[in-house]
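Worksheet: the structure to be examined is printed underneath.
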Amino acid sequence: MKLDIVSANRLTDGRVVYLTRDDGWSESIIDGRSAATKEESADLLADAERAVEAGIVVAPYLVSMADDGGAFAPLHFRERIRLFGPKHNRDGGQPAGRVA
Amino acid sequence: MYRYDEFDHAFVHQRVAQFRDQVARRLSGELSEDEFKPLRLMNGLYLQLHAYMLRVAIPYGTLSSRQMRCLAHIARRYDKGYGHITTRQNIQYNWIKLTEVPDLLADLAEVEMHAIQTSGNCIRNVTADHFAGAAADEIEDPRLWCEIIRQWSTLHPEFSFLPRKFKIAVSGAAKDRAALRVHDIGVQICRNDAGEIGFEVMVGGGQGRTPMIAKTIRKFLPKAELLSYLESILRVYNQLGRRDNMYKARIKILVHEMGADALAEMVEAEWRQVREGFVDLPEAEVARIERYFAPPPFDPAAGSDSGLDTARRADSEFDRWLEQNVDAHRQPGYAIATISLKSDGGVPGDIDAAQMEAVADLAERFSFDELRATHQQNLVLPHVRKGDLYELWQSLKAHGLAIANRGLISDIIACPGMDYCSLATARSIPVAQAISARFQDLARQKDIGDLRLNISGCINACGHHHVGHIGILGLEKKGVENYQITLGGRADGEAAIGAIVGPAFSAEDIVGAVETVVDTYLDLRETGEPFIDAYARLGREPFKERLYAAH
Numbered sequence: 037m038k039l040d041i042v043s044a045n046r047l048t049d050g051r052v053v054y055l056t057r058d059d060g061w062s063e064s065i066i067d068g069r070s071a072a073t074k075e076e077s078a079d080l081l082a083d084a085e086r087a088v089e090a091g092i093v094v095a096p097y098l099v100s101m102a103d104d105g106g107a108f109a110p111l112h113f114r115e116r117i118r119l120f121g122p123k124h125n126r127d128g129g130q131p132a133g134r135v136a
Numbered sequence: 123m124y125r126y127d128e129f130d131h132a133f134v135h136q137r138v139a140q141f142r143d144q145v146a147r148r149l150s151g152e153l154s155e156d157e158f159k160p161l162r163l164m165n166g167l168y169l170q171l172h173a174y175m176l177r178v179a180i181p182y183g184t185l186s187s188r189q190m191r192c193l194a195h196i197a198r199r200y201d202k203g204y205g206h207i208t209t210r211q212n213i214q215y216n217w218i219k220l221t222e223v224p225d226l227l228a229d230l231a232e233v234e235m236h237a238i239q240t241s242g243n244c245i246r247n248v249t250a251d252h253f254a255g256a257a258a259d260e261i262e263d264p265r266l267w268c269e270i271i272r273q274w275s276t277l278h279p280e281f282s283f284l285p286r287k288f289k290i291a292v293s294g295a296a297k298d299r300a301a302l303r304v305h306d307i308g309v310q311i312c313r314n315d316a317g318e319i320g321f322e323v324m325v326g327g328g329q330g331r332t333p334m335i336a337k338t339i340r341k342f343l344p345k346a347e348l349l350s351y352l353e354s355i356l357r358v359y360n361q362l363g364r365r366d367n368m369y370k371a372r373i374k375i376l377v378h379e380m381g382a383d384a385l386a387e388m389v390e391a392e393w394r395q396v397r398e399g400f401v402d403l404p405e406a407e408v409a410r411i412e413r414y415f416a417p418p419p420f421d422p423a424a425g426s427d428s429g430l431d432t433a434r435r436a437d438s439e440f441d442r443w444l445e446q447n448v449d450a451h452r453q454p455g456y457a458i459a460t461i462s463l464k465s466d467g468g469v470p471g472d473i474d475a476a477q478m479e480a481v482a483d484l485a486e487r488f489s490f491d492e493l494r495a496t497h498q499q500n501l502v503l504p505h506v507r508k509g510d511l512y513e514l515w516q517s518l519k520a521h522g523l524a525i526a527n528r529g530l531i532s533d534i535i536a537c538p539g540m541d542y543c544s545l546a547t548a549r550s551i552p553v554a555q556a557i558s559a560r561f562q563d564l565a566r567q568k569d570i571g572d573l574r575l576n577i578s579g580c581i582n583a584c585g586h587h588h589v590g591h592i593g594i595l596g597l598e599k600k601g602v603e604n605y606q607i608t609l610g611g612r613a614d615g616e617a618a619i620g621a622i623v624g625p626a627f628s629a630e631d632i633v634g635a636v637e638t639v640v641d642t643y644l645d646l647r648e649t650g651e652p653f654i655d656a657y658a659r660l661g662r663e664p665f666k667e668r669l670y671a672a673h
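Here the protein sequences come in this chain order: A and D. Mind the numbering: the first sequence is residues 37 to 136 in our numbering, read in order. Mind the numbering: the second sequence is residues 123 to 673 in our numbering, read in order.
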């Protein structure tokens, strides 16, 4: 099963945020509001565009999520990097010497 | 080094005030993102994957201890405590908040720094040989001309909206350490047959998706005419450079399509007109700027007894660092020390605030208050008394900065890649870390010898992979990171673009593939033959054969 959520960067500090079920924005993907159909995805983007106009976020777009062994996770590795942060020691990511 | 005059101070402070107002209007909703984006880019502010990134200009890579301390302050106050030295001798901060940028820029202005023209389709930070003013093989210090170009190009009204970004490098030494031939314009200080000093001018080099080596369009340009000639090149480019396709907009495409001779003719024709009305820099102004780059007050007695040989014999680790990271200085009794920012398993080019402050202290104590950032993402103390080298090394060691790997396989150039960059197609940093971990034994690195390994996380080639002896380009294929290897690139006086060796490798296999390339070289090299010479002799076939033997 595949779902969409909306992600963007917060205007004030550029941090990665997700559109939530109560039409707010959260740094936690768990709070993200998901869409299962094209119509629901279009609604998500429309809500996100209103937040752009309100000066809350910048450049929203749909992120595809897939069932990853019982929990939903972003399909694309770029979105996983946005979610978890840089994968090296300095920012608390995985240890040096690991690529994957 | 150069100090701001009233004009410099005024325009940098005005620019801070202007951007403060622009940020306020963006936050209030008065400006949309489409309206604000070109304004923030003109001030070096990008929106990347996780946050805003600010690129701060370090003109021709030269900075003082005071400036370095301010960069440390910015890392602590406005970022996560570190910065990243770039391949244009600048520094980037990766975790900046838009709301704090005006205060940050005001702090920078206090130490005569800014982020103007570190982005956008304008003339970017002019780069130079990082050993400028110190190198034993130097004809003349290029920084005087870099500074003159900086003043001419900063906020130049005619060249603020070029077809594409424009990069200029200047070198005054026989050996090209500034990658002149992969710049839009490379300026080489040289002598003509009469012994006069002037410039060889190269045009149309660059990397990115269409890498090109610059062509010489003028073998000798008198010193006094540099600006009018540069103005002529920029005018021809501004008129003829393509604006309909950003991938074909750099001057290298123009040179390639019309030919270097035809471009040279157009530039000369333009120059004949430009020279008539052009106000060259008055000699007195050149002399004024030149005074800022006068040699520091070297001690003439410094060469008499440095005690260096005793320290070398007593400490083999120091001896290794000296051999690898210290270069000959033009002044007897002095040396140039490179501080490697390529620690084992570290992020190439990253330096934390405490290290910045330590380096600032050491520059003050041992190098006449002067520091350099290199396009290879290291730092340099340009004027160290030989008798102070052992003490310097001990201090560097205490801060994890005495890594004796300059020019070896772990001295990797790497762009931020997809760990930070919104344009990237793959990650660079973990690959660099994995390679440096695989080759962590310094004795092994030393045995491999001089080897430039460069990694880019996309075809824009910020990690200079095209000119790495071994280049790695990170790409995405069907949602998975893949890494293509190029061999035989080089950025020196014999500049060449590396050749793709074959199909790309997975993230899991790329480090092993690099090791196979190195092992092939070790098996086939002749005595004392560096990697790049062995590749020139052997070609790519033996490497290709080994790399794909199992496939």
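Beta carbons are placed, not taken as given, at the ideal position from N, Cα and C, and that holds for glycine. Note that the structure is predicted; figures quoted are calculated from it, not measured.
Taking C-beta separations shorter than 8 Å and ignoring five residues to either side along the sequence, the partners of L609 of chain D in its chain run H591, I592, G593, G620, A621, V623, V639, Y657, R662 and F665, following chain order. DSSP places H135 of chain D in the helix class (H, G or I) of the three-state scheme. Chain D places no beta carbon closer than 9 Å to that of A82 of chain A, leaving this residue out of the contacts. Note that the C-beta distance between R125 of chain D and D491 of chain D is not below 9 Å. Within 8 Å of the CB of K219 of chain D, the CB atoms of chain A belong to T48, D49 and G50, in sequence order along the chain.
Secondary structure at F108 of chain A: strand, using DSSP grouped into helix, strand and coil.
For T642 of chain D, the uninterrupted alpha helix (DSSP H) segment begins and ends at I632 to L646. When secondary structure is reduced to three states using DSSP, N500 of chain D falls in the coil class, being assigned neither helix nor strand. For chain D, the residues of the segment 103-122 of chain A that bring a beta carbon within less than 8 Å of one of its beta carbons are L111, H112, F113, R114, I117, R118, G121 and P122, in chain order. Straight-line measurement puts the Cα of D130 of chain D at about 20 Å from the Cα of V401 of chain D.
At a cut-off of 9 Å between C-beta atoms, M540 of chain D counts as an interface residue with respect to chain A. Here DSSP, grouped into helix, strand and coil, assigns P224 of chain D to helix. For Y456 of chain D, there is no enclosing alpha helix (DSSP H); the enclosing beta strand (DSSP E) has its first and last residue at Y456 to I461.
Taking 8 Å as the upper bound for CB-CB distance, Y174 of chain D and I218 of chain D are in contact here, some 4 Å apart. For Q562 of chain D, same chain residues with a beta-carbon under 8 Å away, outside a window of 5 residues either side, are D466, G467 and S532 in chain order. Bridge pairing for V408 of chain D: absent [DSSP]. Residue-level contact check: E155 of chain D touches chain A, since one or more beta carbons of chain A fall below 9 Å from its beta carbon. C312 of chain D sits in a strand when the DSSP states are folded into three classes. The beta carbon of W515 of chain D sits closer than 6 Å to the beta carbons of F440, W443 and A524 from its chain, once the five residues preceding and following it are set aside; these are given in chain order. Not one beta carbon of chain A lies nearer than 9 Å to the beta carbon of A459 of chain D. Taking the CA atoms as reference points, P333 of chain D sits about 21 Å from D655 of chain D. Scanning the segment 130-193 of chain D from its first residue to its last, the whole alpha helix (DSSP H) runs of 4-plus residues come out as 155-163. Nearest CB-CB separation between V602 of chain D and chain A: below the 9 Å threshold. For the 9 Å CB-CB criterion, A423 of chain D and G455 of chain D form a contact.
Chain-order list of chain A residues neighbouring H172 of chain D: G50, R51, V52, R118, G121 and P122, by C-beta distance under 8 Å. For V553 of chain D, the enclosing alpha helix (DSSP H) begins and ends at I551 to R560.
Going by beta carbons, Y605 of chain D and I632 of chain D fall inside the 9 Å limit.
In its chain, beyond the 5 residues on either side, D614 and G615 have a beta carbon closer than 7 Å to the beta carbon of D298 of chain D. In this structure, S241 of chain D lies near N165 of chain D, with their beta-carbon atoms less than 9 Å apart. Comparing alpha-carbon positions, the option among D:R331, D:L169, D:A386 and D:E637 lying closest to H587 of chain D turns out to be D:R331. Two segments are said to touch when three or more pairs of C-beta atoms, one from each, lie closer than 8 Å; by this definition the segment 308-328 of chain D touches the segment 343-356 of chain D. No Cβ of chain A is located within less than 9 Å of the beta carbon of R142 of chain D. When 8 Å is used as the limit between beta carbons, L149 of chain D is near these residues of chain A: L47, T48 and G91, in chain order.
For M101 of chain A, the uninterrupted beta strand (DSSP E) segment begins and ends at V93 to D103. The contact set of V99 of chain A on chain D, defined by CB atoms closer than 9 Å, is empty, because the minimum CB distance reaches about 13 Å.
The segment 90-101 of chain A and the segment 144-157 of chain D touch, with three or more beta-carbon pairs separated by less than 8 Å.
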